[in-house]
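First the structure, in the form of structure tokens, and then the observations on it.
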Amino acid sequence: MTDLDAKLVEVSRQYDSLQAELADPANATQPSELRRLGKELARLEPVVTSFRELQATREQLSGAREIRDREADEELRDLAREEVNKLEHDEQRQLEELKVLLLPRDPNDDRNVIMEIRAGTGG
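Going from the sequence shown to the numbering used here is simple: count from 1 and add 28.
Spelled out as structure tokens, the structure:
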């Protein structure tokens, strides 16, 4: 298990823990706590969803490799090779996506902003 996988497993556990907290009836009377839990869940959800898709891809990849290595029929082995290549490409794409999702967020993202819009010349 790589460092990235360990981090993703930890994020997944944290997400499951937050879901359990959100479902706890004791928190239903505390709007500020519900808001905090909701924001944290919304922040973690894309990471966890992408990680679970990666896990499913890895399971499919394992099965395709097994078929490729053990199958006697040449046609099935060719199909399995194609599937392995496709799944390896998908796995790399998902890993890159997860690396981007795990980048630290800017603390100013949730702050308010005052924006002034003025009419300009030229159309």
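Ideal Cβ placement from N, Cα and C applies to all residues, glycine included.
Note that the structure is a prediction, hence the values are computed from the model and not measured.
Could you pull the start and end residues of the alpha helix (DSSP H) that residue i belongs to?
i, result
"L32", "D31 to A51"
"N113", "E102 to L129"
Per DSSP, what kind of secondary structure is residue i in: helix, strand or coil?
i, result
"E68", "helix"
"A56", "helix"
"I142", "coil"
"R98", "helix"
"A147", "coil"
"A134", "According to the sequence provided, residue 134 is Asp. The question's Ala does not apply to it. Coil at D134, not helix or strand."
On the CB-based measure, 16 or more other CB atoms within 10 Å of its CB, does residue i come out buried or exposed?
i, result
"A92", "buried"
"T30", "exposed"
"L126", "buried"
"V76", "buried"
"L131", "exposed"
My guess is that residue i and residue j are in contact by the Cβ rule of under 8 Å, so how many angstroms apart are they, rounded?
i, j, result
"L46", "E61", "Actually they are not in contact, since the Cβ atoms of L46 and E61 sit about 11 Å apart, beyond 8 Å."
Legend entry - Contact the segment 65 to 85 vs the segment 36 to 45: 3+ CB pairs below 8 Å: yes
Inset, instruction - Report yes or no: do three or more beta-carbon pairs, one from the segment 80 to 89 and one from the segment 109 to 116, lie closer than 8 Å? - result: yes
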